[in-house]
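Residues in the sequence shown are numbered consecutively from 35, following my numbering.
Ideal Cβ positions, reconstructed from N, Cα and C, are used throughout, including at glycine.
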Amino acid sequence: MKTLKAYKYRLKPNADQLVQINQHFGSVRFVKNWAIALRSRYYKIFGKSISSRRIQDQLVKKKSLPKWAWLNDVNSQSLLAALKDVDTAFTNFFKHGTKYPRFKKKYDSHQSYSAPQHVAVLDNQVKLPKIGLVRFVKHRELPEGKIKTCTISRNATGKFFISILLEKEVNDIIPCVITESETVAGDLGVKSFLTLSDGTVIPNPRFLQTSLEKLRKAQRLLSRMKKGSKRRAKQRIVVARLHEHVANARKDFHHKLTHYFAVKSHATTYVGEDLMVKNMIKNPKLSRHITDVGWGMFDVFMTYKMRENGKNYIKIDTFTPSSKECRMCHTKHTELKLSDRVFVCPACGHTEDRDLHAAINIKRFGLQQISEQVGITCGVKCSSRTKLSRSSVRARDVTTSLHRSPEAHARVGNPTWRE
Ligand SMILES: [Zn+2]
35 MKTLKAYKYR LKPNADQLVQ INQHFGSVRF VKNWAIALRS RYYKIFGKSI
85 SSRRIQDQLV KKKSLPKWAW LNDVNSQSLL AALKDVDTAF TNFFKHGTKY
135 PRFKKKYDSH QSYSAPQHVA VLDNQVKLPK IGLVRFVKHR ELPEGKIKTC
185 TISRNATGKF FISILLEKEV NDIIPCVITE SETVAGDLGV KSFLTLSDGT
235 VIPNPRFLQT SLEKLRKAQR LLSRMKKGSK RRAKQRIVVA RLHEHVANAR
285 KDFHHKLTHY FAVKSHATTY VGEDLMVKNM IKNPKLSRHI TDVGWGMFDV
335 FMTYKMRENG KNYIKIDTFT PSSKECRMCH TKHTELKLSD RVFVCPACGH
385 TEDRDLHAAI NIKRFGLQQI SEQVGITCGV KCSSRTKLSR SSVRARDVTT
435 SLHRSPEAHA RVGNPTWRE
């Protein structure tokens, strides 16, 4: 089986290379904007879209003119890749209803270009077309594989990166059997980051809180400064650095936590809620908190890490009454408010911490969902009144879950999560 995976490294270009890379950003930006304008104009006049082939021919013709000759200083394939990007953006706009392609600005904090071919990695240097050997920080080995494409980028604080998309040949990984004892469920919260069905509480990282406070202060200062002033330009970099710090800290936290579930934890199945983060962000009261804690990132990391380690990641529907249905008598507690931290069942009087109660429920619903699909019993009783909505577990996950990988057998012990 072939897989694609991106590896990102920090680039350390020298002064000359820095100029050349910036030149690539500029040229690619120019070609993109030209293509967007051309497509828009063509559509206005003729009422249909121009083919990408014709735009490509136009570009080749234009490059031979003295006025456009400067475009020959950069890698021609990067320019063609830019045209392809614009093409994709328009296709997405017409077919999938995304936003209309926007012009790129010189002062956008993030700049990038891609090099689809002729990139080679030699020790701690990477050979880029038209630029040559550029040093990079090899914080991890690049595995064997075929380089599909590379993207060179500059972020808001002026750091350069290269992202290498690698095609690798990997053996099929057979996920573990799903058993009740080796299943753990988690309830994502705003107050504490995650509460597990075994009672473990993973708090929101505190360093993030202090950094966010610093960031708010710096942003307030920035908004008071005069536009176009030198002080404002300086403060912008201060804010960008803090943003970068917060983003890095959050990413680090999520990598460590998901690594715990995928590698260290004894549990071979994790059940979580399918949160549809995008929809929830539309709720203005919750949005600030949700983007702060980064649930989307947790989901992305969990999905690929669990799969790579032969573990199961099950998501139950957002509308499953995981927090409102009593786990003892299955009565729905409709009056439960978001501010209620303790769950007290109005029918049987069962009292439990709200998040823990929800986590245990999520585990129950997840196992029920799986047993319904595979036709095996997991030894979990569920109320017949509970209507489960469309499942988000892919068929592949279910059909292959009846075998257990030898790696899973080898895993012993149960380390607990520590930040
Ligand atoms: Zn009850």
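Relative to ligand 1, the nearest heavy atom lies less than 7 Å away from the CB of His384.
Not a single heavy atom of ligand 1 lies less than 7 Å from the C-beta of Ala392.
Exclusion of the five residues before and after Lys339 leaves Thr292, Ala296 as the residues of its chain whose Cβ lies within less than 6 Å of its Cβ. For Asp221, the enclosing beta strand (DSSP E) begins and ends at 217 to 222. Residue pairing by DSSP places Asp142 in no beta bridge whatsoever.
Rounded to whole angstroms, the gap between the alpha carbons of Thr303 and Val211 is 8 Å. For the options Gln243, Val224, Gly220, Arg240, the alpha carbon positioned closest to that of Gly233 is the one of Gly220. Residue His58 holds the alpha-carbon nearest to the alpha-carbon of Leu114 among Gln145, Gly223, His58, Ile165.
Counting only residues of its own chain and dropping the five nearest sequence neighbours on each side, His144 has a CB closer than 8 Å to the CB of Ser187, Arg188, Asn189, Ala190.
With a cutoff of 8 Å on beta-carbon distance, Ile165 and Ile55 are scored as near each other.
By the neighbour-count criterion, in which 16 or more other beta carbons inside 10 Å mark a residue as buried, Gln403 falls on the buried side. Classified as buried, Leu228 has 16 or more neighbouring CB atoms from the shown chains inside 10 Å of its CB. Using a Cβ-Cβ distance cut-off of 8 Å, the region 143 to 161 and the region 169 to 187 are in contact, since at least three pairs of beta carbons, one from each stretch, lie closer than that value. For Leu162, the pairing in a beta bridge is given by DSSP as Gly166. Rounded to the nearest angstrom, the gap between the Cα atoms of Thr37 and Lys202 is 5 Å. If the five residues before and after Met331 are omitted, its C-beta is found closer than 8 Å to the C-beta atoms of Arg284, Lys285, His288, all from its own chain and listed in chain order. In the structure shown, Leu72 adopts helical secondary structure according to DSSP, grouped into three states.
The three-state reading of DSSP puts Gly306 in strand, counting E and B together.
The closest CA to that of Phe127, considering only Cys360, Ser74, Met362, Pro209, is found on Ser74. Contact check for Ala49 against Ile198 fails: the beta carbons are separated by 8 Å or more.
Unbroken alpha helix (DSSP H) stretches of 4 residues or longer found wholly inside the region 248 to 283: none. Here DSSP, grouped into helix, strand and coil, assigns Glu369 to coil. About 7 Å separates the Cβ atoms of Arg63 and Lys140, confirming a contact at the 8 Å cut-off.
Inclusion of Asn109 and Pro177 in the CB contact set at 8 Å is not warranted, their separation being larger than that value. For Phe137, the three-state secondary structure derived from DSSP is coil. Proximity of the beta carbon of Thr365 to ligand 1 is indicated: a heavy atom of the ligand is located closer than 7 Å.
In the structure shown, Lys36 adopts extended strand secondary structure according to DSSP, grouped into three states. Cβ atoms of Arg388 and Asp374 come within 8 Å of each other, at about 6 Å. Under the 10 Å beta carbon count, Ser356 is surrounded by 16 or more other beta carbons and is classified as buried. The shortest CA-to-CA distance from Phe137 to any of Ser61, Ala71, Ala149 is the one to Ala71. In the DSSP assignment, Lys182 falls within the beta strand (DSSP E) that extends over 180 to 188.
For Lys97, same chain residues with a beta-carbon under 7 Å away, outside a window of 5 residues either side, are Leu105, Asn106 in chain order.
The continuous alpha helix (DSSP H) containing Thr337 extends over residues 329 to 342.
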